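Data first, discussion second: the structure below is written as structure tokens.
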Amino acid sequence: MAANSNTVVYAALAGNLLVAVTKGIAAALTGSSAMLSEAVHSLVDTGNEVLLLYGMHQSRRKADAAHPLGYGREIYFWSFIVALLIFAVGAGVSVYEGITHIQAPEPIDRPWINYVVLGLSLVFEGGSWWVALKAFRETKGDQSYVTAITNSKDPPKFMVLLEDTAALIGIVIAFIGTWASVTFHEPRFDGVASILIGCVLASVAVFLARESKGLLIGERADPATHDGIVRIAEAMPGVLRVNGLLTTQMSPSEIIGAMSLEFDDSLSLTELERLVSRMEAEVRASYPQITSLFIKPQSPQIYDAARKRMAAQDQLGDPSL
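Numbering (this note's numbering), first residue to last: -15 to 305.
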């Protein structure tokens, strides 16, 4: 896993903890539901960073007899849990508080406290957001931000960026809600702001859950890595054809591959073993994230027949259903 993923998460953890304490004190002093929603939001984000750090630590454990392919996908599991917490706790509490405040509105006491705290929160969250944005820019290349996020195999990077973006949007909404409540002497605007903050959190949570689910189930490696492995195999003397390559992302820095190859029939068993060893070494030298590469000698006819059988089974579906 990239080292700057740790930096991004630690920066977010520090920023969210400071913001959560500040907002919590302000909510207690002013009685603002929008500020309370923001405090809960920051507290949930703080817990989320702890879970991400735990997942990153667990995913680095070495493979053992019980888990021969390693524990890399732990980071994807905990990323999915983080998305659920944002939805259930962050969004749920915000919407609940907003509805409660609309049903039983109370004027905001000492609104200037809200303005000061929101200004400080903007500074803290903005710093964390900038660290996350810089780290993400280093890896996105020429892709758009949306495309880079959907193609990313490193959840901590884009999760922290989206969490901080949602936090900044929430701060703006809370500021507008406080201002409208005070200016128009209508405390229900504060409750409306809280509901809007909950909607922002719910939207981010659904998107993060979708991305984390795909990685947890198993996504293939990025196209550049996939095509690069194929080119290395095709260039090896003794390889007549690359029938197919399957890859799956086990963690942000771990990929497993399985490749079907047609070899020259004149190769002896010893020559074939040497060729496979040389191929594996070249692949790992070019793509160190390839932790395991399984190579299967297979004629094109047998490979194509196997693919057709699999396609036919997919079309028929499970006969037990």
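For each residue, glycine too, the CB sits at the ideal point set by N, CA and C.
Note that the coordinates shown come from a computational prediction; the quantities given were computed from them, not determined experimentally.
Would the beta-carbon of residue i fall within 7 Å of that of residue j?
{"i": "GLY161", "j": "GLU22", "result": "no"}
{"i": "ALA132", "j": "LYS141", "result": "no"}
{"i": "ILE157", "j": "LEU185", "result": "no"}
{"i": "GLY43", "j": "GLU33", "result": "Just to set this straight, residue 43 is Ser in the shown sequence, not Gly. The answer is no: Cβ separation not under 7 Å."}
{"i": "HIS25", "j": "GLY74", "result": "yes"}
{"i": "LEU306", "j": "VAL28", "result": "The question about residue 306 has no answer, for the chain in this structure spans -15 to 305."}
{"i": "LEU109", "j": "ALA177", "result": "One detail in the question is off: residue 109 reads as Glu in this sequence, not Leu. No, the pair does not count as a contact, with Cβ atoms beyond the cut-off."}
{"i": "THR30", "j": "ALA(-2)", "result": "no"}
Applying the criterion that 16 or more other CB atoms from any shown protein chain within 10 Å of the CB defines a buried residue, is residue i buried or exposed?
{"i": "ARG262", "result": "exposed"}
{"i": "ALA(-4)", "result": "buried"}
{"i": "LEU245", "result": "buried"}
{"i": "THR6", "result": "buried"}
{"i": "THR167", "result": "exposed"}
{"i": "THR209", "result": "buried"}
{"i": "LEU145", "result": "buried"}
{"i": "THR254", "result": "exposed"}
{"i": "PHE159", "result": "buried"}
In whole angstroms, give me the CA-to-CA distance for residue i and residue j.
{"i": "ALA164", "j": "LEU20", "result": "17 Å"}
{"i": "SER283", "j": "ASP248", "result": "10 Å"}
{"i": "PHE173", "j": "ILE86", "result": "8 Å"}
{"i": "MET234", "j": "ILE240", "result": "7 Å"}
{"i": "GLN285", "j": "LEU35", "result": "48 Å"}
{"i": "ILE216", "j": "ARG291", "result": "23 Å"}
{"i": "GLU195", "j": "VAL214", "result": "27 Å"}
{"i": "ALA289", "j": "ARG225", "result": "16 Å"}
{"i": "ARG293", "j": "LEU229", "result": "17 Å"}
{"i": "THR232", "j": "TRP114", "result": "31 Å"}
### Task
Check whether the segment 37 to 56 touches the segment 3 to 16, taking contact to mean three or more Cβ pairs, one atom from each stretch, closer than 8 Å.
no
### Message
Below 8 Å, how does it come out for the segment 190 to 207 and the segment 76 to 85: are there three or more Cβ pairs, yes or no?
### Response
no
### Segments assigned beta strand (DSSP E), at least 3 residues, entirely inside the segment 176 to 241
223 to 235
### Message
Across the segment 198 to 206 and the segment 88 to 105, are there enough close Cβ pairs to call them in contact, namely three or more that are closer than 8 Å?
### Response
no
### Query
What runs of the beta strand (DSSP E), each 3 residues or longer, lie entirely inside the segment 55 to 94?
none
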